[in-house]
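>
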Ligand code: GAL
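Numbering (the numbering used here), first residue to last: 3 to 421.
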């Protein structure tokens, strides 16, 4: 081989290896693993919209979507708990603002404070003042809220109601009368799904029966779980269950919402992620579906907030911070929320980007009395919530209100503020 040829070959090898380094597979420093349970209808689409913004802003970081299927995170949260226990955290995960965040991840020292990001990004000026205490402990802010969801929404099929001469109910009694009428006409009054959707229904019936002050009192110990008014609330809940489809245990929340959309049931109580699902299904607001506050909860917004955290010991800390910046940004939230069926946590999003339902939710969020959701992490820590959930599971089988109520009293004593 002559020297000229050898020289050219060496140059070629160097050039090729430079090219491979530039275009080759990303190194482990160049990825971010983000954990949630947004795989289902409406939910994945919302996340994808935010990932798109992330990719445009961070073309060199591979987004590893570690979502685990299952509404309300029932499966995902179990997977997350075992990963955290094994010291194998995802870089960032979805944790609800409130007791889920503070009573679990902060308490167990699993996440980093994010005050530096709030300062850098000016988020204190654009995040609601009411939300900051729910994601803070001892002056440290621990998560980045991406949205506000509403739990106490009654979805209905407008045609079924008008065909049966039923006005949208505003009180529990009106709701019961409407459901009696539907039942007599051979129509399933209420679509219901798996266990967590029953917990979700329970929290809205507690709110409807007790009103916002006494509902709040359940969580700070000032409302007695053993009182006659809680008995009445549980009796109401028992009655509501009698109007539901019998195969609820095997239905996801999407299945249950679909019963309403497809004209197989009149009502469904579900958070407004259902609005995201209806958009994905190509349905039209006020034609294919209508909405109202759960009867008895008008003027009250039972809220929850999805927020993202930074794992302590995140394997890809810088990339995780890049993700959190997008999650807290106007562009990220404006891409995510109109699709997810939620309103922005930020106060400066453009209202025109949102559909009819979400515009009404924005108005309600700014004018209603705000209370927190149980099922989605705001008002009770994980152990209390899980004791309530176990008591509910037993009640669904036994229908024994007295036994249910004493289990709820015991749960507040063992894991809540009751003495
Ligand atoms: C909630 C979550 C919502 C939605 C819902 C149904 O816990 O906050 O964003 O995903 O579960 O899966």
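Glycine included, each C-beta is placed from N, C-alpha and C at the ideal position.
Nothing here was measured: the structure is a model prediction, and the numbers come from that model.
Would the C-beta of residue 196 count as close to ligand 1, meaning under 7 Å from any of its heavy atoms?
Incorrect: residue 196 has no Cβ contact closer than 7 Å to ligand 1.
> Which class does residue 419 belong to by DSSP, given the choice of helix, strand or coil?
DSSP places residue 419 in coil when its eight states are reduced to three.
> Shorter than 7 Å, the distance from the beta carbon of residue 274 to the closest heavy atom of ligand 1, or not?
Not so, every heavy atom of ligand 1 lies at least 7 Å from the Cβ.
> Quick one: measure Cβ to Cβ for residue 325 and residue 345, integer angstroms, because I've assumed they're closer than 8 Å.
That belief does not hold up - the Cβ atoms of residue 325 and residue 345 are roughly 21 Å apart, past 8 Å.
> Residues bridged to residue 154 by DSSP?
None, per the DSSP bridge assignment.
> Count the other CB atoms within 10 Å of the CB of residue 371; is the residue buried (16 or more) or exposed (fewer)?
Per the 10 Å Cβ criterion, exposed.
> State the start and end residues of the unbroken alpha helix (DSSP H) segment that holds residue 358.
Segment 358-369, the alpha helix (DSSP H) holding residue 358.
> Exposed or buried, what is residue 377 when buried is set at 16 or more other beta-carbons lying within 10 Å of its beta-carbon?
Buried, since its Cβ has 16 or more Cβ neighbours within 10 Å.
> Measure the C-alpha to C-alpha separation of residue 1 and residue 404 and round it to an integer number of angstroms.
The chain is shown from 3 up to 421; residue 1 falls before or after that span and cannot be answered.
> Quick one: any contact between the region 231-245 and the region 200-217, if contact means 3 or more CB pairs under 8 Å?
Touching, yes.
> Could you compute how far the alpha carbon of residue 13 sits from the alpha carbon of residue 342?
Note on residue 13: pLDDT 48, under 50, position unreliable in the model; the coordinate value appears next. Spanning the two alpha carbons is a distance of roughly 52 Å.
> Between which two residues does the beta strand (DSSP E) harbouring residue 274 extend?
Note, residue 274: premise wrong, no beta strand (DSSP E); not H, not E.
> Taking C-alpha atoms, which residue in 234, 153 and 169 lies nearest to residue 160?
Here the closest residue by C-alpha is 169.
> Going by the C-beta, is residue 308 closer than 7 Å to any heavy atom of ligand 1?
The answer is yes for residue 308.
> Please name the residue, chosen from 257, 304, 302 and 307, that lies closest to residue 283 on a Cα-to-Cα basis.
Considering only alpha carbons, the answer is 257.
> Would you kindly report the start and end of the unbroken alpha helix (DSSP H) that includes residue 160?
Residues 160-165.
> For a test of your reading of the model: does the CB of residue 40 fall under 7 Å from any non-hydrogen atom of ligand 1? Yes or no.
Checking the Cβ of residue 40 against ligand 1 gives yes.
> Pairing CB atoms from the region 103-118 with CB atoms from the region 379-386, are three or more of them under 8 Å?
Yes, the region 103-118 is in contact with the region 379-386.
> For residue 351, name the three-state secondary structure that DSSP assigns.
Correct three-state label for residue 351: coil.
> Quick one: any contact between the region 59-79 and the region 33-51, if contact means 3 or more CB pairs under 8 Å?
Touching, yes.
> Distance, Cα to Cα, residue 337 vs residue 157?
Taking the straight line joining both Cα atoms gives about 24 Å.
> Below 6 Å CB to CB, which residues in the same chain sit around residue 203 once its five sequence neighbours on both sides are set aside?
Excluding residues within five positions, the ones whose Cβ falls inside 6 Å are 271.
> With DSSP as the reference, please indicate the residues paired to residue 374 in a beta bridge.
Note: residue 374 sits in a beta bridge opposite 305.
> Please report the residue range of the alpha helix (DSSP H) in which residue 202 lies.
First-last of the alpha helix (DSSP H) with residue 202: 197-222.
> To the nearest angstrom, how far is it from the Cα of residue 69 to the Cα of residue 193?
Rounded to whole angstroms, residue 69 to residue 193 spans 27 Å at the Cα level.
> Using CA coordinates, which residue listed in 79, 45 and 34 is at the minimum distance from residue 62?
It is 34 whose Cα lies nearest to the Cα of residue 62.
> Could you say which of 296, 369, 420 and 364 lies nearest to residue 172 if we only look at CA atoms?
Out of 296, 369, 420 and 364, 296 has the C-alpha closest to the C-alpha of residue 172.
> Any idea what DSSP makes of residue 16, helix, strand or coil?
Annotation note: pLDDT 41 at residue 16 (below 50); position unreliable, coordinate value reported separately. Here residue 16 sits in helix by DSSP.
> Where does the unbroken beta strand (DSSP E) through residue 94 begin, and where does it stop?
Per DSSP, residue 94 belongs to the beta strand (DSSP E) from 94-98.
> Is the Cβ-Cβ distance between residue 311 and residue 84 less than 8 Å?
Their beta carbons are not under 8 Å apart, which means residue 311 does not touch residue 84 by this criterion.
> Please confirm whether residue 273 and residue 153 have their CB atoms less than 8 Å apart.
Yes, Cβ-Cβ distance for residue 273 and residue 153 is below 8 Å.
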